[in-house]
Structures are given as structure tokens and as C-alpha cells.
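Undergrad:
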Amino acid sequence: MVVLTIIGMIGMYLILTAVLSTPLTPDTMYVSVNKSSFSINNTLSDSPELLVHVFDQGDVPVGGANIVVWDPSREQAAGGITDGSGRFVFKLTNITLPAGKSEGFIAVRVMQEGYFEYSDNFFVKVRKE
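Per the working numbering, numbering of the sequence shown is gapless, rising by one per residue and ending at 1227.
#1: Using the Cα positions of Gln-1210 and Asn-1164, report the straight-line distance between them to the nearest angstrom.
#2: For a quick check, are the C-beta atoms of Phe-1214 and Met-1127 less than 9 Å apart?
#3: Once you ignore the five residues that flank Gly-1162 on each side, which residues in its own chain have a CB closer than 7 Å to its CB?
#4: Taking the CB atoms as reference points, tell me whether Gln-1174 and Leu-1190 lie closer together than 9 Å.
#5: According to DSSP, is Leu-1195 part of a helix, a strand, or is it coil?
#6: Helix, strand or coil: which one does DSSP assign to Met-1099?
#7: Below 8 Å on the Cβ atoms is my contact criterion, and I expect Ser-1135 with Val-1208 to pass it. Report the Cβ-Cβ distance as a whole number of Å.
#8: In chain order, what residues of the same chain have a beta carbon less than 7 Å from the beta carbon of Gly-1182, not counting five sequence neighbours either side?
#9: Which of the three DSSP states is assigned to Gly-1156 in this structure?
#10: Going by beta carbon distance, what residues of the same chain come within less than 6 Å of Ser-1169, once the five residues before and after it are set aside?
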């Protein structure tokens, strides 16, 4: 009887360990930027320096997140990793708008382990003056 109790307790321990060690569901992220739009003078221009902040749903900064941004024509991209306070600074050079368009949008994608991937194809609006 004692042996069965010990074996049962070991089995219960193994089951609880397996259940508690399973990964939790991924958390969600959101991204903010210091400018929602800017203008360019001609067909080729540089973006201003844009400061991106990545937070989880509890407003805690997400450090170490991979960020990729694309210019409005989707011909060039920049990327990097957020610092410990969830910040990433980028500047796109020689931005081009899609052919025949007077405005477009910079797109962003953010990836981090333990979080759902975040993407926004209308992240920052770019207008031609």
C-alpha cells in the first residue's frame, strides 16, 4: 500500500510538472511612433528620424524585438532590434512613392518570441508636396 502511494505521488508530480512547464499563450504587442506622417519634396527623399516604441498589452516595453520597416514603394527595407526600453530608431534614405501615387505608407513588422507577430501596412503616411 505504501509503495502504491509513493508511485502515485511520483506520477502526480510528473503530471503537474508537465502541465506547468507548457508554454503559455503568446502575448500581444503594439507599436507607437513619434510621427504619424511626413512630406517629401520630390520623388526621392529621406525620412525624418523616426522613434518606434514596442509595448506589450500591459504597457511594458518589449526589448529584443526584431523590427523590419519598408518604404512606401516596398523597394527598400531597414531593420533592427529594440533596446531594453523597447525603443528602435530608424531613418529611411531615398524614399520613393509607388508609381503614379502622391502618397504612400511605411510598413512595419515586429517579431519577438512569446508574442504574436505585429504588422501594420499603414504605419506612417508619406505625402509628396
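Beta carbons: idealized from backbone N, C-alpha and C, even for Gly.
TA: According to the data block:
#1: One Cα belongs to Gln-1210, the other to Asn-1164, and the distance between them is close to 6 Å.
#2: The answer is yes: Cβ separation under 9 Å.
#3: Ile-1179, Thr-1180, Gln-1210.
#4: Yes, they are a contact pair.
#5: Assignment of Leu-1195 by DSSP, reduced to helix, strand and coil, places it in the coil class.
#6: Met-1099: coil per DSSP, three-state reduction.
#7: That pair is no contact at about 20 Å.
#8: If we look at Gly-1182 and ignore the five residues flanking it on each side, its Cβ neighbours are Gly-1161.
#9: In the structure shown, the three-state DSSP call for Gly-1156 is coil.
#10: Residue identity check: residue 1169 is Asp in the sequence provided, not Ser. Closer than 6 Å at Cβ, skipping near neighbours: Leu-1190, Ile-1193.
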